[in-house]
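Read through the structure below, which is laid out as structure tokens, and then see the notes.
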Amino acid sequence: EGIARSKSIRYIKINNLSNDGFTSIVRALGSLSQLEELTIGEINNVGPDGWSHLLSLLGSGVCKLKMFHLYRNNYMGNEGVDVLSNGLRGIGSSLKELVLEDNSIDSGGLSTLVEALQTCTSLETLVISYNDFSSAATVTGMGVLSNGLRAIGSSLNKLVLNAIRIGNEGLSTLVEALANCTGLKILSLSHNDFSSATAGLGSLSDWLLRDEVNLNELDLEYCGINDGGLHALVGGATNQCRELNLQRNESITTLGLSYLSNSIRSNSCRVEFLGLKGIPIGDDAMEVLAQGLVGNQSLRSLGLEELDNGMTVTSAGWVAFSTALCDTSSVNSTYLSNHTIHHICIEDDEETIPRDISLYLQLNKEHPQYVARCKIIMSHRHLDMTPLLHWGLKFLPLAVAWFERSKPCTTLIIYDEDPDLRRRVLNESDEAFESRKLTAMYEFVRGMPMEVMKRRKKLIESVCDDNGEIARIDER
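What the sequence shown shows, in our numbering, is residues 169 to 644, in sequence order.
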């Protein structure tokens, strides 16, 4: 009665009720014209009477729901789907988010549901996960769903089809329908078996490479993807997605990661988060991933497995990562190192990341405008001016300016969760830094004495007083 009289309730969640309790609540909702979000949660034992009242609520047109969530053990089945589908036709024009998770919907129920979805012309989020689309009907089921997507695809931003037994042919059928989903930002297909879906993953990659596609997140966790499937996928996935989740695909080996590495080092790579937890990784795999980091300018976060759970990395593997982040073999190599990634996530085991790598990651994150210069000064106590001499004295002012722009590196602070680990990036006094600069300038001048003598007069005349007169210079 209190619910029925309310004029302010916009969100209701019904959880763990009997059929009678459910029916009473739904009957009361019939007067809430302002209701926008309805969630029917876990273990509601809803019978035919309850579904009938829900149909009346949705079909009445009183509630213009924007979000409707129905999930976890509601024993809906096909009978409930019939009721729900009829109800959706009453609220279709206003509905923006529909979540149907773990409701025992089979392929027959899906067909009925998809017919109703075609009236939901404003739908932005569609979640149909953990429902019993049997393997024998997968292609048929995907064909039915694909027809629905063709009708509503232009409005969809998020599509979640986890654990509905999509196989290779089903994936290929689904991808054909995705051509209509030009506004899709998030696609989740986790917990489907793609162990034999190389062709389907190739189709997905081809779709991702289309100009009109703008997908930001792709979730393929627990899909049984192997090296061949990853090879087929990565070209489009890395060129399109900002978040790529490949976690728990345990069949991927170092070979598969080499395909991934080649893709992420490409200039066209857009991936900012890469999830690889649950993929067994050792030194060889770390070295392969490090090679991809060298040329990458987009990746910011990398998720790896816990070291005591399938990840056997020694100092050799970490050295490869350290080199990718700061290659000290030459000044140019340091400059071309990875200055973008700032987080390597190893669940419950962050302390195992070597100190130098943690420093480089923090530097990448907190001081991106100075990171390249700071790494150069940290790694090269003496800067050899010889390679610059062929530019002549015109390069001398640029060299001086570079040092001036690098001076903030002596005062920058790296912050860590542990206050004791807060430290300066470069623990060097102003005098020591000035000494570096003067030594470099001296080497520059000493390397071209004749050029300096030729331009001696011009250099002297370049020093003027405030009145434009040539200043006196002690030439002794």
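Positions of the beta carbon are idealized from the N, C-alpha and C atoms, including for glycine.
In this text the structure is predicted, and so the values were computed from the model without any measurement.
Where the beta strand (DSSP E) containing residue i begins and where it ends
i	result
V328	K326 to V328
F236	M235 to Y239
Y179	Y179 to I182
L386	E385 to D387
N413	E411 to N413
Exposure of residue i, with buried meaning 16 or more beta-carbon neighbours within 10 Å
i	result
A453	buried
H550	exposed
W375	buried
R378	exposed
L606	exposed
W219	buried
G506	Note that residue 506 is Asn in the sequence shown here, rather than Gly. Per the 10 Å Cβ criterion, buried.
A488	buried
I581	exposed
Q111	Lying before the first or after the last residue shown, residue 111 is absent from the chain, which here runs from 169 to 644.
Q465	exposed
A600	exposed
K181	exposed
E247	exposed
M310	buried
K543	buried
A365	buried
L238	buried
E380	exposed
E455	buried
L185	buried
Enclosing alpha helix (DSSP H) for residue i [first to last residue]
i	result
G277	S275 to L285
D374	T366 to L376
L398	D395 to Q408
E292	Neither: E292 is in no alpha helix (DSSP H) and is coded neither H nor E.
I525	R523 to E534
S419	Where S419 is concerned, there is no enclosing alpha helix (DSSP H), given that its DSSP letter is neither H nor E.
A345	N336 to L346
Simplified DSSP assignment, three categories, for residue i
i	result
N187	helix
T607	helix
H511	strand
L225	helix
D270	coil
T578	helix
L551	coil
L561	helix
V381	coil
I320	helix
N299	coil
E643	Reliability fails at E643, whose pLDDT of 36 lies under 50, so the model's placement of it is uncertain and no value is given.
R541	helix
T308	helix
E210	coil
R195	helix
L556	helix
L355	strand
R614	helix
E204	coil
R573	helix
R257	helix
E637	In this prediction, E637 has a pLDDT of 44, which is less than 50 and means its spatial position is unreliable; nothing more can be read from the coordinates.
E265	strand
Give a yes or no on contact between the stretch 220-240 and the stretch 277-286, applying the rule of three or more CB pairs nearer than 8 Å. no
How do the stretch 525-544 and the stretch 553-564 stand: do at least 3 beta-carbon pairs fall below 8 Å, yes or no? no
Could you say if the stretch 400-409 and the stretch 430-443 meet the contact criterion of at least three C-beta pairs nearer than 8 Å? yes
With contact counted as at least three CB pairs below 8 Å, one residue from each stretch, are the stretch 609-618 and the stretch 593-601 in contact? The stretch 609-618, when compared against the stretch 593-601, does not touch it at the 8 Å Cβ threshold.
Where are the alpha helix (DSSP H) runs, 4 residues long or more, that stay fully inside the stretch 423-504, in chain order? Whole alpha helix (DSSP H) segments, 4+ residues: 451-462, 483-493 and 499-503.
Say whether the stretch 409-417 touches the stretch 434-445, bearing in mind that this needs 3 or more beta-carbon pairs closer than 8 Å, one atom from each stretch. yes
Under 8 Å, with one C-beta from each stretch per pair, do the stretch 349-356 and the stretch 320-340 reach the 3-pair mark? yes
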